[in-house]
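K.L.:
Heads up, the sequence shown is in the working numbering, so the first residue is 388 and it goes up one at a time. Glycine included, each C-beta is placed from N, C-alpha and C at the ideal position. Bear in mind the structure is a predicted one, so any value in this text is a computation, not a measurement.
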Amino acid sequence: MTQFVPSGVIEKAALHDMIYAACPQCFTSMTLQMGSRKRPDFELLQVRCSSCGRMSRRDELQFKYRLKLQLQYGSTIADAIMFDEATEALLGVPAWRMKRELLWKYPALPQVLEQLVVGLRVSFSFQQPPPKRNAKQGHFTRDLKIIQIEPLIPQLLPKPAAILALKLLQQRC
Numbered sequence: 388m389t390q391f392v393p394s395g396v397i398e399k400a401a402l403h404d405m406i407y408a409a410c411p412q413c414f415t416s417m418t419l420q421m422g423s424r425k426r427p428d429f430e431l432l433q434v435r436c437s438s439c440g441r442m443s444r445r446d447e448l449q450f451k452y453r454l455k456l457q458l459q460y461g462s463t464i465a466d467a468i469m470f471d472e473a474t475e476a477l478l479g480v481p482a483w484r485m486k487r488e489l490l491w492k493y494p495a496l497p498q499v500l501e502q503l504v505v506g507l508r509v510s511f512s513f514q515q516p517p518p519k520r521n522a523k524q525g526h527f528t529r530d531l532k533i534i535q536i537e538p539l540i541p542q543l544l545p546k547p548a549a550i551l552a553l554k555l556l557q558q559r560c
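So, in structure tokens, the structure goes:
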């Protein structure tokens, strides 16, 4: 069930690890492994999907967003997570471009983006996942999944956040 919140504030944003390598088959996070083929002098970076077990080559990797936020709305403070589509809409840049083109050229980009979005008043829609069971503590809830987010005052973020952050970084140079 999707719920809409007309007004909230982004209290925290974790942008330092916002991009992950995803399985081309099931989009689950993948772990890196070094492997070699028939020649011992030739190393091939391979990744194994932790969910379906698929092994993929470097050129098969897909990069996806997973942005962790803390939102306040009313008297509620909630941990939330935004995946690819919602994060791309907010930042204005696909995850593959952020990873392959922008982050290596502008290493301070995540910090500037964080400064732009923390404190931003937004409206958002979310899905609350079912509780996850834990044998010791009974149960606890998972993070809210943000499916849409928009600044309430577009003038505070007049362009997609990544474009504005890049302009700020270029002005500093």
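Per DSSP, M469 forms a beta bridge with which residues?
P.N.:
Paired residue(s): L454 and I533.
K.L.:
Less than 8 angstroms between C-beta atoms, sequence neighbours within five positions excluded: which residues of the same chain meet that for W483?
P.N.:
Closer than 8 angstroms at Cβ, skipping near neighbours: Q449 and F450.
K.L.:
I'd like to check one pair, P547 with L509: are the Cβ atoms closer than 7 angstroms?
P.N.:
For the sequence presented, residue 509 should be read as Val rather than Leu. It is not a contact, given that the beta carbons lie outside the stated cut-off.
K.L.:
Could you check if S423 is buried or exposed, using at least 16 other CB atoms within 10 Å of its CB as the buried criterion?
P.N.:
Caution applies to S423, whose pLDDT of 48 falls short of 50 and renders its modelled position unreliable; the model cannot decide the point.
K.L.:
Under 7 angstroms Cβ to Cβ from L555, same chain only, skipping five residues before and after it: list those, please.
P.N.:
Contacts found: V499.
K.L.:
Could you check what DSSP says for M442 in three-state terms: helix, strand or coil?
P.N.:
Three-state DSSP puts M442 in a strand.
K.L.:
What three-state label does DSSP hand M417 in the structure shown?
P.N.:
DSSP places M417 in strand when its eight states are reduced to three.
K.L.:
Counting beta carbon pairs with one atom in the segment 390 to 408 and one in the segment 445 to 465, are three or more of them shorter than 8 angstroms?
P.N.:
Verdict: yes, contact present.
K.L.:
Going by C-alpha distance, which of D530, C413, V480 and Q412 is nearest P517?
P.N.:
The residue with the shortest Cα to Cα distance from P517 is D530.
K.L.:
Go to I550, then tell me how far its alpha helix (DSSP H) extends in each direction, as first and last residue.
P.N.:
Run containing I550: A548 to R559, per the alpha helix (DSSP H) assignment.
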